[in-house]
Amino acid sequence: MGYLSTICVLSCINIVAVLGLAILTGYTGLFSIGHAGFMAVGAYASAILYMHFGVPFYLALVLGGFAAGLSSLIIGYPAFRGAGKLRGDYFAIATLGFGEAVRLLLNTTYKYVGGAYGLTEIPGLTTLPVALGVAFLALIGAHNLMRSEHGKNCLAVGQDEVAAQMMGVNLFTTKLKALFISAFYAGVAGGLFGFYMTYLSPSNFGIGKSSDLLAAVVFGGMQSLIGPVITAFLLVGIPELLRFLLDWRLVIYGILFVVVMVYRPQGMLGYREMNFRWLWAAIRWLKPGKPKQAN
Amino acid sequence: MEKHDAAKASPNVLEFKGVSVQFGGVRAVNNVDLTLARGEFLGLIGPNGAGKTTLLNLISGAMPPTSGEILFNGQSIVGISPDRLCHLGISRTFQNIRLFPKMTVFENVALGLHARPNYSLTDALFCTPRSIRREKQNIERANGLLDLVGLSAYAKKHAGDLSYGLQRRLELVRAMATDPQLLLLDEPAAGMNEDECGNLTKLIRSIHQEFGFGVILIEHHIQVVMELCRESRIYVMNLGEILASGTPMEIQNDTKVINAYLGEKRTTNGRTRRQISRNC
Amino acid sequence: MTFFLQQLVSGISIGAIYSLLAVGYALVYSVYNFTNWAFDAFMVTGAFAAFYGITLFFMPFAVAIVFSIVMTVGLALFVETTAYRPLRARQAPRLFMMISAMGASLAAVNLANILFGGAFRKFPDIATGAYRIAGVSVGKMDLFAAAFSCVVLSLLWWFLERTKLGLGVRASALDTVTAGIMGVNNNKIALIIFGISGVLSAVAGVFFGAKYAVFPYLGLVTIKAMIGSIIGGIGSLVGAVLGSLLLGILETMISSYVSSVYRDLISFSILVLVLLFFPSGLMGAKRVDKL
Chain A
2 MGYLSTICVL SCINIVAVLG LAILTGYTGL FSIGHAGFMA VGAYASAILY
52 MHFGVPFYLA LVLGGFAAGL SSLIIGYPAF RGAGKLRGDY FAIATLGFGE
102 AVRLLLNTTY KYVGGAYGLT EIPGLTTLPV ALGVAFLALI GAHNLMRSEH
152 GKNCLAVGQD EVAAQMMGVN LFTTKLKALF ISAFYAGVAG GLFGFYMTYL
202 SPSNFGIGKS SDLLAAVVFG GMQSLIGPVI TAFLLVGIPE LLRFLLDWRL
252 VIYGILFVVV MVYRPQGMLG YREMNFRWLW AAIRWLKPGK PKQAN
Chain B
611 MEKHDAAKAS PNVLEFKGVS VQFGGVRAVN NVDLTLARGE FLGLIGPNGA
661 GKTTLLNLIS GAMPPTSGEI LFNGQSIVGI SPDRLCHLGI SRTFQNIRLF
711 PKMTVFENVA LGLHARPNYS LTDALFCTPR SIRREKQNIE RANGLLDLVG
761 LSAYAKKHAG DLSYGLQRRL ELVRAMATDP QLLLLDEPAA GMNEDECGNL
811 TKLIRSIHQE FGFGVILIEH HIQVVMELCR ESRIYVMNLG EILASGTPME
861 IQNDTKVINA YLGEKRTTNG RTRRQISRNC
Chain C
31 MTFFLQQLVS GISIGAIYSL LAVGYALVYS VYNFTNWAFD AFMVTGAFAA
81 FYGITLFFMP FAVAIVFSIV MTVGLALFVE TTAYRPLRAR QAPRLFMMIS
131 AMGASLAAVN LANILFGGAF RKFPDIATGA YRIAGVSVGK MDLFAAAFSC
181 VVLSLLWWFL ERTKLGLGVR ASALDTVTAG IMGVNNNKIA LIIFGISGVL
231 SAVAGVFFGA KYAVFPYLGL VTIKAMIGSI IGGIGSLVGA VLGSLLLGIL
281 ETMISSYVSS VYRDLISFSI LVLVLLFFPS GLMGAKRVDK L
């Protein structure tokens, strides 16, 4: 039971972070390979706020998220400001740099942070109900956001930003919004992670972690929330079950990225709105009652 | 609303004064003067490479002019970003269709209604009554627009899956969703056969009559332009310059235009026929 | 003063390695408008191939370089044909191409990690020792690296400016579609471009490995090359060289006064500053979207 509980908690944490990346990459089309950096900011910020400044747990999580969101502006503001095709790549490069810069800073700062030794003795406040609750809220939130006008604007930017701009979408603010929100999600996930593992080390948040998140979005499907959510769960569960493949995990992901992009870019459930029509249809089908008359 | 206040300021919705665009050594647009009155329907024709799309790009803010003034409702719009221009009332379609392929027809149209969001992120996050109300409005208006052009049946289809003719129509109605005062149409009839052209012409005419915005229409199908601009003007461009302007009758008989674009008069069997010149 | 000069020399020598990578990156970018994330894998392949060439097969250094180039170009062509070409043919969105490139990079680099282990390997002593010029110590390997880079870049310049194939490459850089219509074989050009990228990455990998160490994640250095390219103006080859040299110098100078540990942080800060204040870089060309 404890083992299953671990997988569930880690899955929930993964789901929250993946939802963030889905908003940024799956919907708004912005490639990021540094999302682990945002997780790190949130993780350390919330842990430190709780342990050294007496901030209550949930507030610390939220503040950690905000810290991550604010840090995202460091790359978002310069990278999104100008116009032109070049900007997407600038941002991607900046995310890589950001992830590494954060890790470097964490490795070399010792006050509060613990440097390369890490941050220890964090209370294990992320229980299964907490993780499930946060993940659930995160999913509802992301769903509401993406269904709203803001979300549709992000979507348009992801599909054809030039046309979106011509139709009146402000590219700069839209991208910045998407980035902030996705960083916030990653920060909260990082916070949950810290309070679960009770120990944080900069090495938890390297390119491997960023790649894990990206994998969930790519395999789960672009422009979809439910696809990446399911994949986020699978990508925690499967490597646990197939321990021997753990080292090969990234190699397999790498190959699958290419394969998916070439053969099935929509991933598992890409481009599908999350709705529950299938659920109602299944319920109707299962209900015993008068057989339908053929017309 | 700033849009309609500005409208009262000037009789002309659009003015070009001595506008030029230079790309390196090439003058894509050379000293162009142009006026468009409120609600007027202007045709813009000319051979490929004449600078017509560049003109549209200038108006929609995709690029700045190298020199000259561009006035919209009496105010200079040089250097204003395309999204801001859209809010001021300029909207357009594209030579190569630029729909959002993986968004539904409905979503494509609705974008024009909410490109500038009408409620805050927090409203969106918590599904407040305000956001729900606004979404209902959006749905009504978007569906109304789709009805107008006969695309209601396709509302839930991905725009990329539509046939070419329907995509053109969708582009048109998407541009209208932004409530423009000036609509720029870049070859809306491209690739269409005669029937489709006829339908499109009827559609554009009825839309123009109902909504009354100014239109600049670039087209190579001369029948479409002549038909739509019957009661207004056509500008003819060649090599970045305005060659001639006037009513359809006038430009059809203008020798410069004939030589550059419409083709020389040919006499066959005692009847004169005009041929579209080879360089269109 | 000597300290300053010493740092300058040091900065130039690392800048030279960055510029080799940056040119390879800028070349691919200027033609295909996308970032070849996999070129860190190219660099790693170059480094490891040379390393094993020398240690396992006892090749002389010159032969090892050639061997490394061959292996790397092989990888580059493989990645181009499997991960990029199918997407280009479909005109896939740039996001998809970036994901594919990232995939290639992940697969190759982590495979290297599994096969060779993460230990830092030192090249056996090849050209150690240094010359003293005006009181400044200039490593022999650094000189060699700088000289070799010059040679390689000159060859590249000659190829692009003076040969017919090079003309085809430059035409493709301006307008791939038209170049194709004009008879340029786009697939062949792609192979050439990635081949060149492979050569440059291999040489950079060898010298980096010789200067520091060989390990699977040395490809992270390529981000410096990308930053250098941005400083110089993305898409410009000359800019890539200048930008990378400048980055190498700045990075070395600043970190010598602050602390060498913060080297990467300094580059990142330089990137942010450049994006904020010099978005087109030193020599960048503005590109207008075709509407």
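Residue numbers (my numbering), protein chains in the order written: chain A, 2 to 296; chain B, 611 to 890; chain C, 31 to 321. All C-beta atoms in this analysis are idealised placements derived from N, C-alpha and C, irrespective of residue type, glycine included. All values derive from a computational prediction rather than experimental measurement.
Residue range of the alpha helix (DSSP H) that residue i falls in?
i      : result
C:N143 : R124 to F146
C:K241 : N216 to K241
C:L190 : K170 to R192
A:S6   : G3 to L22
C:N66  : First-last for C:N66: undefined, no H or E at that position.
A:A136 : L129 to R148
C:T252 : T252 to G262
A:E162 : E162 to M167
B:M713 : That residue, B:M713, is in no alpha helix (DSSP H); it is neither H nor E in DSSP.
Along the chain, where does the beta strand (DSSP E) that runs through residue i open and close?
i      : result
B:F651 : F651 to I655
C:I245 : The residue asked about is misnamed: residue 245 of chain C is Phe in this sequence, not Ile. Where C:F245 is concerned, there is no enclosing beta strand (DSSP E), given that its DSSP letter is neither H nor E.
A:F67  : From DSSP, A:F67 is part of no beta strand (DSSP E) but of the alpha helix (DSSP H) over F58 to R82.
B:E625 : N622 to F633
B:E679 : S677 to F682
C:Y161 : A160 to I163
C:S151 : Per the sequence shown, residue 151 of chain C should be read as Arg rather than Ser. Looking at the DSSP string, C:R151 is not in any beta strand (DSSP E), and its letter there is neither H nor E.
B:D796 : L792 to D796
Does the Cβ of residue i have 16 or more other Cβ atoms within 10 Å, making it buried, or fewer, making it exposed?
i      : result
C:F150 : exposed
C:E191 : exposed
B:L709 : buried
A:N15  : buried
A:T96  : buried
A:N154 : buried
C:F28  : Lying before the first or after the last residue shown, residue 28 of chain C is absent from chain C, which here runs from 31 to 321.
A:F185 : buried
B:T878 : In this prediction, B:T878 scores a pLDDT of 47, lower than 50, which makes its location untrustworthy; the coordinate-derived value is nonetheless stated afterwards. It is exposed - the Cβ of B:T878 has fewer than 16 other Cβ atoms within 10 Å.
B:D796 : buried
C:W67  : buried
A:C13  : buried
B:M611 : Legend: pLDDT at B:M611 = 41, less than 50; position of this residue unreliable, no value from coordinates given.
B:E804 : exposed
B:N869 : exposed
Could you work out which residues of chain A lie near residue i, taking near to mean beta carbons separated by less than 9 Å?
i      : result
B:H830 : Those within 9 Å of B:H830 in chain A number zero; the least Cβ separation is about 22 Å.
B:N683 : Near B:N683 there are no residues of chain A at all, since even the closest Cβ is about 17 Å away, more than 9 Å.
Using a Cβ cut-off of 7 Å, pull out every chain A residue sitting near residue i, in sequence order please.
i      : result
C:F172 : A small fix is needed here, since residue 172 of chain C is Asp in this sequence, not Phe. Neighbours of C:D172 on chain A: none; closest Cβ ~25 Å, over 7 Å.
B:A725 : N154, M168, G169 and V170
B:F651 : None at all; the shortest Cβ gap to chain A is about 21 Å.
B:L721 : K153, A157 and M168
Give me the chain C residues within the contact set of residue i, using Cβ-Cβ distance strictly less than 7 Å, ordered along the chain.
i      : result
A:I239 : Within chain C, no residue comes near A:I239; the closest Cβ sits about 17 Å away, beyond 7 Å.
Residue i touches chain C at which residues, Cβ-Cβ below 9 Å?
i      : result
A:T254 : First, the amino acid is wrong: residue 254 of chain A is Tyr here, not Thr. The answer, in chain order, is G133, L136, A137 and N140.
Residues of chain A with CB under 8 Å from residue i, in chain order?
i      : result
C:P116 : V263
C:I260 : Y91 and I94
B:N728 : E150
C:T65  : D90, A93 and I94
My guess is that residue i and residue j are in contact by the Cβ rule of under 8 Å, so how many angstroms apart are they, rounded?
i      : j      : result
A:L31  : A:G89  : 7 Å
A:V189 : A:L62  : 5 Å
A:Q224 : B:K712 : 6 Å
C:I47  : C:F237 : 6 Å
B:F626 : B:I680 : 6 Å
Show which residues of chain B have a CB atom less than 8 Å away from the CB atom of residue i.
i      : result
A:T164 : Per the sequence shown, residue 164 of chain A should be read as Ala rather than Thr. Near A:A164 (Cβ distances below 8 Å), the residues of chain B are F704, R708, L709 and F710.
A:K176 : Going along chain B, no residue has its Cβ under 8 Å from A:K176, so there is no contact; the nearest lies around 12 Å.
Which residues of chain B have a Cβ atom closer than 7 Å to the Cβ of residue i, listed in chain order?
i      : result
A:Y272 : K712
When you check each C-beta in the region 129 to 149 of chain A against every C-beta of chain C, which residues fall closer than 8 Å? The region 129 to 149 of chain A vs chain C, Cβ under 8 Å: nothing.
Interface residues of the region 79 to 100 of chain A facing chain C [CB-CB below 8 Å]: Per Cβ criterion, the list reads P79, A80, R82, G83, G85, K86, L87, G89, D90, Y91, A93, I94, A95, L97, G98 and F99.
At a Cβ cut of 9 Å, what residues of the region 24 to 44 of chain A count as close to chain C, listed as they run along the chain? Going along the region 24 to 44 of chain A in chain order, one finds T26, G30, L31, F32 and I34 with a Cβ nearer than 9 Å to chain C.
Which residues of the region 104 to 127 of chain A have a Cβ closer than 8 Å to any Cβ of chain C? Give them in chain order. So the close ones are L105, L106 and T109.
What are the residues of the region 752 to 783 of chain B that lie near chain A, defined by any Cβ-Cβ distance shorter than 8 Å? If the cut-off is 8 Å between Cβ atoms, the region 752 to 783 of chain B has H768 near chain A.
Output, in sequence order along the chain, the residues in the region 734 to 750 of chain B whose CB is closer than 9 Å to any CB in chain A. Using a CB distance below 9 Å, the part of the region 734 to 750 of chain B facing chain A consists of A734, L735, F736, C737, S741, R744, E745 and N748, ordered along the chain.
Against chain A, which members of the region 291 to 314 of chain C pass a CB distance test of less than 9 Å? Residues are counted here when their Cβ sits less than 9 Å from a Cβ of chain A; for the region 291 to 314 of chain C these are V291, Y292, R293, D294, L295, S297, F298, S299, L301, V302, L303, V304, L305, L306, F307, P309, S310 and G314, given in chain order.
Taking any Cβ of chain A, which residues in the region 228 to 245 of chain C have a Cβ under 7 Å from it, in chain order? Cβ contacts with chain A: none found.
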